[in-house]
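Student: For the sequence shown, my numbering gives the first residue as 2, with consecutive numbering after it.
Quick one: the structure is below, and I'll ask about it shortly.
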Amino acid sequence: MTTHITDVSEDRTTGPVDTAAPVRGPRPHTPGAPGSTAPPGEDSRRIVTDHLRSVGPAIESLLQNVGTLAGWGVEMAERLMAGQRLLAAGNGGSAAEAQHLTAELVGRFDGEREPFSAISLHAESSAVTAISNDYGFDRMFARQVTAHGRPGDILLLLSTSGRSPNLLHAVDAARAAGVTTWALTAAGPNPLTERVDDFVAIEAKSANAQEGHLIALHAICRAFDAEVHRRRQEEQR
Ligand SMILES: O=C(CO)[C@@H](O)[C@H](O)[C@H](O)[C@H](O)COP(=O)(O)O
């Protein structure tokens, strides 16, 4: 009996590789698809160009709010250095941005400094599923705000519509707990801007406003780190 031995070598990421397997040929090309040599259609080009051009109004709108963003950075530094906490919340892409901010604060941003207390509420997966299951999705942030929020803490909410019920309930819970509320939204006014203590509403298309929120968060972190550094230097004098 003859045994066919396949030449098997190790690949670091996928494990054993059968080198006798047929080599895959080039994938069929669809115009505009990844790997395609054909130019994308006019429609796709127009859509992408429109999206990129629409970033401009979001930046312009942010520039109209420099004072608020800088003020938030400084106030965050003052409160977090005094031991207060930042809570952040949003849904979908805005949840990812909330988590981006809290990572900058617990980790670091511009350079070495101490960590600060910041929690992204959607990332508490067991609490989120339990609260949503037992009290309803609309309460998933509010109950966490009641649990974690202390007077003088800050709750930052991110929303494009400014209408998500779970964020609106979170504002009410924050108010009851003495927590200051700030919101980043797309065009205002909207129910969230009407309810919070302070807000920046980006006058741009919803997706571009959401991109603007991330730029705003980095700008706030920049002001925050500068203020932390300034206060630490002052302490040493
Ligand atoms: O990222 C995006 C859209 O750009 C989506 O995931 C989006 O965040 C979700 O649809 C959210 O549920 C929308 O909530 P909101 O911004 O209206 O509060």
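Every residue gets a Cβ at the ideal spot worked out from N, C-alpha and C, and that includes glycine.
On the DSSP letters alone, give me the boundaries of the alpha helix (DSSP H) that Ser95 sits inside.
Tutor: Taken as a continuous stretch (DSSP letters only), the alpha helix (DSSP H) holding Ser95 covers 94-107.
Student: Please go through the same chain and pick out, in chain order, the residues whose beta-carbon is closer than 6 Å to the beta-carbon of Met77, but skip the five residues on each side of it.
Tutor: Phe225, listed in sequence order.
Student: Any idea what DSSP makes of Ala39, helix, strand or coil?
Tutor: DSSP places Ala39 in coil when its eight states are reduced to three.
Student: When you compare the CB positions of Leu185 and Ala217, do they come within less than 7 Å of one another, or not?
Tutor: Yes, the pair counts as a contact, with Cβ atoms nearer than the cut-off.
Student: I'd like the ranges of any beta strand (DSSP E) spanning at least 3 consecutive residues and lying wholly in the segment 163-199.
Tutor: With a minimum length of 3 residues, the continuous beta strand (DSSP E) runs that stay inside the segment 163-199 are 181-186.
Student: What whole-angstrom Cβ distance do Thr194 and Ala202 have, given they're in contact under 8 Å?
Tutor: Right, their Cβ atoms sit about 5 Å apart.
Student: Count the other CB atoms within 10 Å of the CB of Arg46; is the residue buried (16 or more) or exposed (fewer)?
Tutor: So Arg46 ends up on the exposed side.
Student: Between Val180 and the rest of its own chain, which residues show a CB-CB distance below 6 Å, the 5 nearest in sequence each way excluded?
Tutor: Result list for Val180: Gly150, Asp154, Leu156, in chain order.
Student: Which of helix, strand or coil does DSSP assign to Gly91?
Tutor: Of the three classes helix, strand and coil, the one that applies to Gly91 here is strand, per DSSP.
Student: Under the DSSP definition of a beta bridge, which residues are partnered with Ser121?
Tutor: The partner list for Ser121 (beta bridge, DSSP) reads Ala89.
Student: Pick from Ser118, Ile120, Thr147, Ala119: whose alpha carbon is nearest that of Ile132?
Tutor: Among Ser118, Ile120, Thr147, Ala119, the Cα nearest to that of Ile132 is on Thr147.
Student: Along the beta strand (DSSP E) that carries Ile155, what are the first and last residues, could you check?
Tutor: First-last of the beta strand (DSSP E) with Ile155: 155-159.
Student: For Gly94, which residues of its own chain have a beta-carbon under 6 Å away from its beta-carbon, when the five flanking residues on both sides are left out?
Tutor: Excluding sequence neighbours, Gly94 sits near Gln211.
Student: Under 6 Å from any heavy atom of ligand 2, does the C-beta of Ser165 make it?
Tutor: Ligands in the displayed structure: ligand 1; ligand 2 is not one of them.
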